[in-house]
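Presented below is the structure to which this report refers.
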Amino acid sequence: MFQWLKEDVRMVFERDPAARSIWEIILCYPGLHAVWLHRIAHILWRVRLRFIARLWSHINRFLTGVEIHPRAQVGKRFFVDHGAGVVIGETSEIGDDVTIYQGVVLGGVSLKKGKRHPTVGNNVVIGVGAVILGPVTLGEGSKIGAGSVVLDDVPAYTTAVGIPAKPAGEHKAQEYVDLDHHLILDPVKETIDELTRRVAELEEEVDRLKSEGLTAVASLQAKRGKR
Numbered sequence: 019m020f021q022w023l024k025e026d027v028r029m030v031f032e033r034d035p036a037a038r039s040i041w042e043i044i045l046c047y048p049g050l051h052a053v054w055l056h057r058i059a060h061i062l063w064r065v066r067l068r069f070i071a072r073l074w075s076h077i078n079r080f081l082t083g084v085e086i087h088p089r090a091q092v093g094k095r096f097f098v099d100h101g102a103g104v105v106i107g108e109t110s111e112i113g114d115d116v117t118i119y120q121g122v123v124l125g126g127v128s129l130k131k132g133k134r135h136p137t138v139g140n141n142v143v144i145g146v147g148a149v150i151l152g153p154v155t156l157g158e159g160s161k162i163g164a165g166s167v168v169l170d171d172v173p174a175y176t177t178a179v180g181i182p183a184k185p186a187g188e189h190k191a192q193e194y195v196d197l198d199h200h201l202i203l204d205p206v207k208e209t210i211d212e213l214t215r216r217v218a219e220l221e222e223e224v225d226r227l228k229s230e231g232l233t234a235v236a237s238l239q240a241k242r243g244k245r
């Protein structure tokens with residue numbers, strides 16, 4: 019357990035450039051507190067102290083603003099940055115070295131019992147306000163753009179953005195968390211840019227044909243005039 023605590027503190031230093039000291043991390047990071055409190059709630063859930071586990075998770079939400087169902091499975095070095103408004107549903111499964119930001123929801127779309135929440139692979143980054151719904155899988159190393167709504171599986175090492183989210187490109191595996199969210203590709207913008215470029219090309223082609231047509235007509239009229 020103490021090894022996990024050390025890993026979590028070291029993880030914050032690695033992923034948040036604002037972190038200045040160990041005591042600052044231990045006392046001033048509600049996202050980290052939420053994960054620690056959840057680990058206790060999860061243990062209580064596994065030993066079938068279900069009511070106490072739910073009460074503990076409710077206290078966790080009150081203290082940190084992060085709601086994690088005690089049954090949800092969370093991997094090592096899970097980092098909730100800022101944390102406010104994060105909701106993680108009952109059957110969610112989160113791998114190792116995952117980073118999520120405020121307002122993220124791992125929600126369900128079914129009233130049936132069983133697996134109804136997302137599975138998040140290792141080294142996934144989920145941007146601010148993203149909503150992942152249903153028993154979908156986010157592949158290892160995938161990235162979800164801010165404000166996206168994911169309704170389908172996302173392949174490994176793929177960036178997905180939009181509502182509903184669509185693949186916007188692939189990227190290589192990285193040994194660090196990429197915080198350059200402003201560089202995430204936008205497939206809608208790329209499509210519009212491509213259409214704009216194509217329309218401009220067609221307009222140039224039409225202008226060229228008009229010019230050639232007018233020249234041909236003028237030449238023909240000139241020949242008739244000479245006759």
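Taken in order, the sequence shown gives residues 19 to 245; the numbers are from the numbering used here.
Each residue gets a CB set at the ideal place from its N, CA and C atoms; glycine is no exception.
Following a CB-centred definition, is residue i positioned closer than 8 Å to any heavy atom of the ligand NAD?
| i | result |
| --- | --- |
| K184 | For the structure depicted, the ligand NAD is absent and the ligand set is empty, with no information on it obtainable. |
Would you tell me roughly how many angstroms separate the C-alpha atoms of residue i and residue j, rounded to the nearest one?
| i | j | result |
| --- | --- | --- |
| I144 | G113 | 13 Å |
| A59 | G126 | 21 Å |
| V146 | V168 | 13 Å |
| E158 | G139 | 4 Å |
| A92 | A178 | Correcting the residue identity first, residue 92 is Val in this sequence and not Ala. Rounded to the nearest angstrom, the two C-alpha atoms are 22 Å apart. |
| T233 | I210 | 34 Å |
| E188 | V217 | 28 Å |
| H76 | E85 | 7 Å |
| R215 | P182 | 25 Å |
| V27 | K131 | 36 Å |
| R134 | V65 | 22 Å |
| S128 | L156 | 19 Å |
| F96 | L213 | 41 Å |
| A37 | F20 | 20 Å |
| E222 | T137 | 50 Å |
| L62 | V98 | 22 Å |
| E25 | P35 | 17 Å |
| R33 | D225 | 54 Å |
| V30 | L55 | 17 Å |
| G152 | I162 | 15 Å |
Could you tell me whether the Cβ atoms of residue i and residue j are closer together than 9 Å?
| i | j | result |
| --- | --- | --- |
| V123 | V105 | yes |
| V149 | S160 | no |
| P48 | G83 | yes |
| H100 | N78 | no |
| A90 | T117 | no |
| A186 | G180 | yes |
So which of the options has the shortest CA-CA distance to residue i?
| i | options | result |
| --- | --- | --- |
| Q120 | A164, G187, E158 | A164 |
| P88 | E111, L23, E25 | E111 |
| D115 | S128, W22, D170, W63 | W22 |
| L15 | W63, R64, V65, C46 | With the chain covering only 19 through 245, there is no way to say anything about residue 15. |
| K94 | V53, V65, E108 | V53 |
| K184 | A174, R134, S166 | S166 |
| A107 | V154, V30, R66, D170 | This sequence places Gly at residue 107; Ala is not what is there. Of the candidates V154, V30, R66, D170, the one whose C-alpha sits nearest the C-alpha of G107 is V154. |
Review point. Are three or more beta carbon pairs between the stretch 35-45 and the stretch 65-75 nearer than 8 Å?
Key: By the Cβ test, the stretch 35-45 is not in contact with the stretch 65-75, since fewer than three Cβ pairs between them sit closer than 8 Å.
Check your understanding: Can you give, in chain order, each stretch of the alpha helix (DSSP H) that sits fully within the stretch 25-86 and has at least 4 residues?
Key -> Whole alpha helix (DSSP H) segments, 4+ residues: 40-46, 48-64, 68-82.
Practice item. Tell me the start and end of each unbroken beta strand (DSSP E) in the stretch 82-160 that is at least 3 residues and wholly inside, in chain order. Key: Runs of the beta strand (DSSP E) spanning 3 or more residues and lying entirely within the stretch 82-160 occur at 123-125, 149-151, in chain order.
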